[in-house]
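A.B. asks: Numbering (my numbering), first residue to last: 14 to 299.
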Amino acid sequence: MSDAGSVGLRRVLAGGEEVLVYAAPSGLHPLDAGLAELLGAGLLAVHEGVARALATPPLAGPVEMLAPVDRQEVWAAGVTYERSVRARMEETVVADVYDLVYRAERPELFLKAPAYRVRRPGAPLRVRADSAWDVPEPELALVLTAQGEIAGYLVADDLSSRSIEGANPLYLPQAKIFDDCVSLSDTVVLADGLEGDSRNLGIVMIINRDGRMAFEGSSSTAQIVRSYEDLAGYLFRELSHPWGAVLMTGTGLVPRDDFTLEDGDVVEIAIEGVGRLRHSVYRSQP
């Protein structure tokens, strides 16, 4: 899968330089500012930057895709779907804590990766050598301005170790944060250009192993129990993000309990109206 046909913002390498472009049917139109500068200035600046870009000729020649973030931290929200709370209660020795998070006013938020740790779209993700139960987590990601406004959306995989988190909820950082632990699609689909209702987007995930399908499942963002604005509001409460931020909104698509990722697996995720993401998986060596 590839979301190369999506319309929106992309970061590319063109002529040896990093360039933010607006991908449109007419081509890749360069912007006169980077993503951090635009998100830092706010939603109006994003829209004005795109309008100026569309008034210029598209890039000529080949480009190389870069990660969609430049200075933005990637954060994640947990236990936002009923299916995810049930899965995490089944995996852990302290089941009640996840039910409490699911029903609490304050959402679970955690840092997944700084921008420099986000690899290019499609790059392989890692399964930890010290983990025995690992799963991809397909998620809709919000791209937020420095003011907490929703500028756009990405497809995300919040790769996780269920065995480490299940052993103790306080091990969450080690279950979530490690080298090559997150993947984002290449195109930020702007919120005002999204086709469809962002609160009712279909999510499909397929995992292929040795050329055969090992898992297939689907869910919908309609199953998220919190509003996007509420999640973003808590992320920006007492914590500034001067270059904007990316916030993954949780997963409702969890493989069966006897499934774990293996070296060489290929994960494919599609979110209606937002795009597609495809990456392989490798297991690190102890």
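Note that CB positions come from ideal geometry on N, CA and C, so glycine has one too.
Predicted model, so just to flag it, every value in this text is computed and none were measured.
Does the beta-carbon of Val98 have 16 or more other beta-carbons within 10 angstroms, so that it is buried, or is it exposed?
C.D. replies: In the sequence shown, the residue the question calls residue 98 occupies position 85. Residue confidence for Val98 is low, a pLDDT of 46 falling below 50, so the modelled location carries little weight; the figure read from the coordinates is stated next. By the neighbour-count rule (16 or more Cβ atoms within 10 Å), Val98 is buried.
A.B. asks: Indicate the three-state DSSP secondary structure (helix, strand or coil) for Val32 in the structure shown.
C.D. replies: Counting from 1 along the sequence shown, the entry for residue 32 is found at position 19. Strand.
A.B. asks: Name the two residues that bound the continuous beta strand (DSSP E) containing Gly230.
C.D. replies: Translated into positions along the sequence shown, residue 230 becomes position 217. Start and end: Arg225 to Ser233.
A.B. asks: Can you tell me whether DSSP reads Pro43 as helix, strand or coil?
C.D. replies: Here residue 43 refers to the residue found at position 30 of the sequence shown. Reduced to three states, the DSSP call for Pro43 is strand.
A.B. asks: Starting from Ala164, trace the beta strand (DSSP E) in both directions and tell me its first and last residue.
C.D. replies: In the sequence shown, residue 164 corresponds to position 151, counting from 1. First-last of the beta strand (DSSP E) with Ala164: Ile163 to Asp171.
A.B. asks: I'd like to confirm something about Ala66: is its beta-carbon nearer than 8 angstroms to some heavy atom of the ligand MN, or not?
C.D. replies: With respect to the ligand MN, the structure shown offers nothing to examine, as it has no ligands at all.
A.B. asks: Out of Tyr166, Thr262 and Ala58, which one is the CA nearest neighbour of Arg239?
C.D. replies: On the sequence shown, position 226 is the one that residue 239 refers to. Ranking Tyr166, Thr262 and Ala58 by Cα distance to Arg239 puts Thr262 first.
A.B. asks: Cα separation between Val294 and Gly135?
C.D. replies: Here residue 294 refers to the residue found at position 281 of the sequence shown. Here residue 135 refers to the residue found at position 122 of the sequence shown. If I take the Cα positions, the gap works out to 10 angstroms.
A.B. asks: If you drop the 5 nearest sequence neighbours on each side, which residues of the same chain put their C-beta closer than 8 angstroms to that of Leu266?
C.D. replies: For the purposes of this step, residue 266 is identified with residue 253 of the sequence shown, where counting begins at 1. Once the five neighbours on either side are set aside, the close Cβ partners of Leu266 are Arg96, Glu150, Pro151, Ile216, Met218, Gly230, Ser231 and Ser232.
A.B. asks: Taking the runs of the alpha helix (DSSP H) that are 4 residues or longer, which of them lie wholly in the region 43–95?
C.D. replies: You should have 48–54 and 56–67.
A.B. asks: I believe Arg133 touches Ala80 by the beta-carbon criterion, under 8 angstroms. Please report the beta-carbon distance rounded to the nearest angstrom.
C.D. replies: Along the sequence shown, one-based indexing puts residue 133 at 120. Along the sequence shown, one-based indexing puts residue 80 at 67. Going by Cβ atoms, the distance from Arg133 to Ala80 rounds to 5 angstroms, so yes, they are a contact pair.
A.B. asks: How many Å lie between Phe249 and Pro43 at the Cα?
C.D. replies: Numbered from 1 along the sequence shown, position 236 holds the residue referred to as residue 249. Numbered from 1 along the sequence shown, position 30 holds the residue referred to as residue 43. Rounded to whole angstroms, Phe249 to Pro43 spans 30 angstroms at the Cα level.
A.B. asks: DSSP three-state call for Val114: helix, strand or coil?
C.D. replies: The residue given as residue 114 occupies position 101 in the sequence shown. Residue state, collapsed to three classes: helix.
A.B. asks: Which residues in the same chain as Gly47 place their Cβ atom closer than 6 angstroms to its Cβ, once the five residues preceding and following it in sequence are excluded?
C.D. replies: As a first step, residue 47 must be located in the sequence shown, where it is residue number 34. Closer than 6 angstroms at the Cβ level, and outside the excluded window around Gly47, lie Leu33 and Asp83.
A.B. asks: In chain order, what residues of the same chain have a beta carbon less than 6 angstroms from the beta carbon of Gly40, not counting five sequence neighbours either side?
C.D. replies: Translated into the one-based positions of the sequence shown, residue 40 becomes position 27. Here the set comprises Pro71.
A.B. asks: Taking just the CA atoms, how far does Asp193 sit from Ser176?
C.D. replies: In the sequence shown, counting from the first residue as 1, residue 176 sits at position 163. In the sequence shown, counting from the first residue as 1, residue 193 sits at position 180. Distance between the alpha carbons of Ser176 and Asp193 is about 18 angstroms.
A.B. asks: For Glu171 and Ala89, I'd like the C-alpha separation in whole angstroms.
C.D. replies: The sequence position of residue 171 within the sequence shown is 158, counting from 1. The sequence position of residue 89 within the sequence shown is 76, counting from 1. Here residue 171 is Asp; the residue named in the question, Glu, does not match the sequence. Between Asp171 and Ala89, the C-alpha separation is close to 8 angstroms.
A.B. asks: Indicate whether Val3 and Tyr115 have their beta-carbon atoms separated by less than 9 angstroms.
C.D. replies: This structure does not reach residue 3, given that the chain is present from 14 up to 299, and the question cannot be answered.
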